[in-house]
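**Student:** Residue numbers (the UniProt record's numbering): 1 to 261.
1) Using the three-state DSSP reduction, which class does residue 175 fall into: helix, strand or coil?
2) Can you give me the Cβ contacts of residue 207 inside the same chain, cut-off strictly under 6 Å, excluding the 5 residues immediately before and after it?
3) Reducing DSSP to helix, strand and coil, say where residue 21 ends up.
4) Count the other CB atoms within 10 Å of the CB of residue 86; is the residue buried (16 or more) or exposed (fewer)?
5) First and last residue of the alpha helix (DSSP H) that includes residue 45?
6) Per the DSSP calculation, residue 188 is bridged to which residue(s)?
7) Tell me, please, whether the stretch 226-235 touches the stretch 208-215 by the rule of three or more beta-carbon pairs shorter than 8 Å.
8) Would you mind sorting residue 140 into buried or exposed? The rule is 16 or more other CB atoms within 10 Å of its CB.
9) Please confirm if the stretch 28-43 is in contact with the stretch 185-192, defined as three or more CB-CB distances below 8 Å between the two stretches.
10) Less than 6 Å between C-beta atoms, sequence neighbours within five positions excluded: which residues of the same chain meet that for residue 53?
11) Closer than 7 Å by C-beta to residue 153: which residues in its own chain qualify, once you throw out the five before and the five after it? Chain order, please.
12) In the DSSP assignment, find the beta strand (DSSP E) that holds residue 12 and state where it starts and stops.
13) What residue does the beta strand (DSSP E) around residue 100 start on, and which one ends it?
14) When the distance is taken between beta carbons, is residue 72 closer than 8 Å to residue 27?
15) Enumerate in chain order the residues of its own chain whose CB-to-CB distance from residue 134 is below 7 Å, with the five nearest sequence positions on each side excluded.
16) Buried or exposed for residue 242, going by 16 or more other Cβ atoms inside 10 Å?
17) What does a CB cutoff of less than 6 Å around residue 216 pick up in its chain, not counting 5 residues either side in sequence?
18) Relative to the alpha-carbon of residue 17, which residue among 36, 96, 49, 183 has its alpha-carbon at the smallest distance?
19) How should residue 34 be labelled, buried or exposed, when 16 other C-beta atoms within 10 angstroms of its C-beta is the threshold for buried?
20) Take residue 238 and list the residues in its own chain whose beta-carbon comes closer than 6 Å to its own, dropping the five residues that flank it on each side.
21) Going along the chain, which residues of its own chain have a beta-carbon closer than 8 Å to the beta-carbon of residue 203, five neighbours each way excluded?
22) Just how far apart, CA to CA, sit residue 104 and residue 60?
23) Near residue 45, what residues of its chain come up, given a Cβ to Cβ distance below 7 Å and the 5 sequence neighbours on each side ignored?
24) Which residue marks the beginning of the alpha helix (DSSP H) containing residue 9, and which one marks its end?
25) Residue 100 and residue 92 look like a contact to me (Cβ under 8 Å); what is the Cβ gap, rounded to whole Å?
26) Mapping DSSP to helix, strand and coil, what is residue 156?
27) Give the range of the beta strand (DSSP E) segment to which residue 63 is assigned.
28) Tell me the DSSP bridge mates of residue 169?
Put into structure tokens, the structure is as follows:
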């Protein structure tokens, strides 16, 4: 596993009041294209420097085109600045061409127990005993798997079960603890849940929405990734993330393109 931290590869450097420089890592790619959650976290890094609030609470991104690894620019616009919540618009671009557009809400995460909850999936699944998910196959390299430690409850290569879901434990490089920003990546870290339905190759994210619910305890997080409806060349998926204590720390939904067969 790499010794480079997620904080380092998603870092930005402020150039002006609303413009930041980023360097998109080739190591955090799928088929040579940067992971969508990684891109959203990079935008959130920049937004957090001007938000006036400490924690990202929600973020929604539309992926216009896949950027290339290398230099990029993040532009942040403060839409509304409040005493407890602030909203911002973020755009990641290369050579002046927009690649990702995002809206983000920042505020303060609480430390208390949930007042009420219902309809959430069961987070109680055992620590997977299998090997790390690797970066193979060679014809479609998933370089990001050489950076993170992802262990699924069953190998994807064993074939689909028809459930349309993947469960696993996820850790960042160098045992870096997850924080609100890196949870935006965790929401999009697993392979497509459609891998449990059929061989579909690359499943590019069109839109990704993430909610951060709590600060996680240090250590790997549990992730449940589910597909819900596949049709017309698109699939919608949901994702839930729990820390090692079983507390829900993030959840999200996404719409992705898919080619079956």
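In this text, a Cβ means the ideal position worked out from N, Cα and C, and glycines have one as well.
**Tutor:** Let me spell this out:
1) In the structure shown, residue 175 sits in a helix (DSSP, three-state: H, G or I).
2) Counting only Cβ-Cβ distances below 6 Å, and skipping sequence neighbours, we find 62, 255.
3) strand
4) By the 10 Å Cβ count, residue 86 comes out buried.
5) 36-48
6) Beta-bridge pairing links residue 188 to no other residue.
7) no
8) exposed
9) In short, these stretches touch, since the Cβ pair count reaches three.
10) 86, 106, 107
11) 125, 128, 167, 168
12) 12-14
13) 97-107
14) no
15) 145
16) buried
17) Within the same chain, Cβ atoms closer than 6 Å to the Cβ of residue 216 are found at 178, 243, 249, the five residues on either side in sequence being excluded.
18) 49
19) buried
20) 226, 253
21) 192, 194, 235, 256, 257, 258
22) 6 Å
23) Taken in chain order, the residues that qualify are 10, 11, 12, 181.
24) 6-9
25) Taking the Cβ atoms as the reference, residue 100 lies roughly 4 Å from residue 92, within the contact range of under 8 Å.
26) helix
27) 55-63
28) Note: residue 169 sits in a beta bridge opposite 151, 222.
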